[in-house]
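The opening position of the sequence shown corresponds to residue 5 in our numbering, with each subsequent residue numbered one higher.
C-beta atoms are modelled at their ideal positions from N, C-alpha and C, and glycine is treated no differently.
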Amino acid sequence: MKSTGLLGGVQVFYILMSVVRNKLTALLIGAAGMGLADLYCRTLELLGNTTNFGIAFSAIRRLSALHDEGYYHEIAYYIRLIRTWTFLTALFGAVVCIALSPLISLLTTGSYAHALDYCFLAPAVAFTTLAGGEMAVLKGMRRLKWLALTSAASALGTVVIAVPLYAAFGMKGILPVIAGTTALNFLLNLYASSRQFPYRISPHRNHFLRQGGHLIKLGSAYIAAGIAASAAELFIRTIIVGSDSNYRMAGLYAAGLTLTVSYARLIFVAMDADYFPRLSASLNRRKTMNDTINQQIDILVLLMAPFLLCFAMMLPLIVPLLYSRHFMEIIPMILCALPYMFFKAIYSPIAYLPLASGKSKLYLFAELTYYVGFSIAVSLGYHFGGLTGAGIGLSLANLTDLLLLPLLYRRIFHFHFQRATLHRCALQGLFLLCGLGCCAITSPASLPSTAIFLLLSAAYSWHFLKQNTAILSKMNKLLHRKNKG
């Protein structure tokens with residue numbers, strides 16, 4: 005219980021630090037600076053996912069099993085193996101970054117002018133991979149307290165590093181900020197993991213090199229899916245930046261996407277904690293599996309719809325508060341993109357089926373299909389409608405996934421929507437679309453009209469959740485416990 009409370013508190017602190025960082029970044033380097041920084045970060049993410057071979061991802065399961073068995077010597081040996089291969093892949097990633105920097109510059113900006121800048125991303129690629137290895141050690145050894153503390157310290161350190169550099173150097177401080185924050189994240193995780201297992205590597209020993217091969221083979225489909233996600237995000241940024249280096253529009257898109265996704269995602273985080281184990285346990289019982297999925301959809305939809313409507317109403321206050329008044333033009337994009345999260349609330353419980361059943365190839369196929377559609381929808385939307393078109397493209401991408409996944413998984417897993425769940429989704433979807441439509445109209449009646457649909461959505465959700473789940477009573481108990489403490 006203490007660990008859960010600590011992790012929840014750290015998550016809130018991390019969000020607060022992100023808000024502070026985004027606000028100060030928007031004021032100091034503007035939308036253009038944020039666009040350039042986002043382009044660098046997406047490139048860093050793609051290079052890291054491509055060159056780290058998913059070693060950190062693969063290592064957690066085996067390390068966790070050794071921890072449960074209590075084999076200390078085997079644990080120490082395996083951690084050295086992880087660190088050795090993480091070190092080698094970090095070097096490999098840095099070399100690839102330097103070697104491909106001219107090509108990356110040409111593909112992302114349309115010229116070779118930023119080739120040297122991309123070279124300076126090499127240390128960040130290495131630090132990110134190294135940090136992933138140390139985080140795998142902490143996760144595998146169940147050091148959740150230290151993992152939470154390092155996350156909080158890293159969030160605070162990012163603000164401390166970024167603000168002075170942006171204030172002193174403006175957009176020229178972007179690369180030093182990226183290098184400094186990734187180095188800090190690695191050092192913090194290294195300190196936490198080295199308290200019990202001092203840092204040792206053996207890159208010169210052949211048996212370490214031979215035995216590390218299985219780390220690369222494990223979870224290759226999930227790694228490929230991560231690469232596809234990173235590539236799709238970078239592709240969208242490249243389309244927006246275009247040949248005229250329009251970093252301002254890229255920054256506005258990044259800000260709009262962040263506001264659309266980040267805060268609504270908290271609902272998924274809160275509700276998904278025990279869903280995956282329950283789904284995995286029910287796979288052999290078709291009715292129980294369908295009940296589990298439909299119940300999860302009910303809860304997510306009934307929480308998401310009123311949240312999105314409330315968020316939409318507050319956008320004229322939220323955008324200048326979290327960024328600046330120069331970002332107000334992202335509001336139409338966000339209004340068009342909010343159904344993106346509503347559709348995700350419906351299909352994400354279904355999308356867990358390949359993961360729960362261990363069908364990695366099916367998971368990879370579904371992810372690749374989605375990200376191809378995502379890239380096409382958002383890029384075409386931006387081409388024909390600017391930022392607002394990109395928001396529409398985001399919603400269409402998830403709507404397409406919502407239509408295809410149930411059809412595919414009906415044949416494979418015998419999943420089907422329950423009629424009551426479809427009714428709730430349709431009703432809340434109607435409330436949401438009507439409310440967003442009212443928000444988009446510049447009229448004195450806009451706000452009261454949206455408020456009516458918000459009240460209808462919230463009342464319907466409250467009635468169902470109160471009658472059919474124990475969520476509200478659990479929330480009351482949690483609040484009572486906190487007040488008592």
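Its Cα nearest to that of L319, the residue T262 stands out among T262, S284 and R282. For Y413, the enclosing alpha helix (DSSP H) covers residues S364 to F417.
According to the DSSP assignment, K176 belongs to no alpha helix (DSSP H), since it is labelled neither H nor E. In this structure S461 is in contact with F435, their Cβ atoms being roughly 4 Å apart against a cut-off of 8 Å. The Cβ atoms of F311 and A268 lie closer than 8 Å to each other. Between the C-alpha atoms of K176 and D121 there is a straight-line separation of about 10 Å.
With a cutoff of 8 Å on beta-carbon distance, R241 and A254 are scored as near each other.
Judged by their CB atoms, E73 and A229 are not nearer to each other than the 8 Å cut-off. Here the C-alpha atom of I380 lies approximately 46 Å from the C-alpha atom of H208. Inter-segment contact for the region 19 to 37 and the region 91 to 99 is absent: fewer than three beta-carbon pairs are separated by less than 8 Å.
Where M332 is concerned, there is no enclosing alpha helix (DSSP H), because DSSP gives it neither an H nor an E.
In terms of Cβ geometry, I86 and F201 do not form a close pair [threshold 8 Å]. Assigned with DSSP and collapsed to three states, M253 falls in helix. DSSP, reduced to helix, strand and coil, places M145 outside both helices and strands of the structure shown, so it counts as coil.
Short of 8 Å from the beta carbon of L111, and not among the five residues preceding or following it, lie these beta carbons of its own chain, in chain order: T242. Counting the other Cβ atoms within 10 Å of the Cβ of Y76 gives fewer than 16, which makes it exposed. Distance from the CA atom of R65 to the CA atom of D295, rounded to whole angstroms, is 29 Å. Straight-line spacing of the CA atoms in I350 and E49 works out to 28 Å.
In terms of Cβ geometry, S364 and Y226 form a close pair [threshold 8 Å]. Sequence-distant partners of L339 (beyond 5 residues in either direction) whose C-beta falls short of 8 Å from its own C-beta, in its chain, are A316, L319, G395, L440, C443 and A444.
Using a 10 angstroms sphere on the CB of K291, the tally of other CB atoms stays under 16, which defines it as exposed. The region 183 to 202 and the region 53 to 60 do not touch, with fewer than three beta-carbon pairs separated by less than 8 Å. Per DSSP, Q200 lies in no alpha helix (DSSP H) segment and is marked neither H nor E. In the three-state DSSP reduction, Y116 falls in the coil class, being neither helix nor strand. The three-state secondary structure of A449, taken from DSSP, is coil. Residue burial annotation: F417 is buried, with at least 16 other C-beta atoms found within 10 angstroms of its C-beta. Apart from sequence neighbours up to five positions away, the residues of its chain that approach A117 with a beta-carbon distance below 7 Å are S109, ordered along the chain. For H71, the uninterrupted alpha helix (DSSP H) run begins and ends at I59 to E73, by DSSP. The C-alpha of L51 is placed about 19 Å away from the C-alpha of L368.
Between T88 and S206, the CB-CB gap stays under 8 Å.
Scanning its chain for C-beta atoms nearer than 8 Å, with the 5 sequence neighbours on each side dropped, one finds no residue around R415.
Taking 8 Å as the cut-off, the beta carbon of S224 is found no closer than this to the beta carbon of G144. A check of alpha carbon separations from Q471 across D302, L411 and P106 identifies D302 as the nearest. When DSSP states are grouped into helix, strand and coil, R423 belongs to the helix group. Residue range Y279 to A285 is occupied by the alpha helix (DSSP H) that includes P281.
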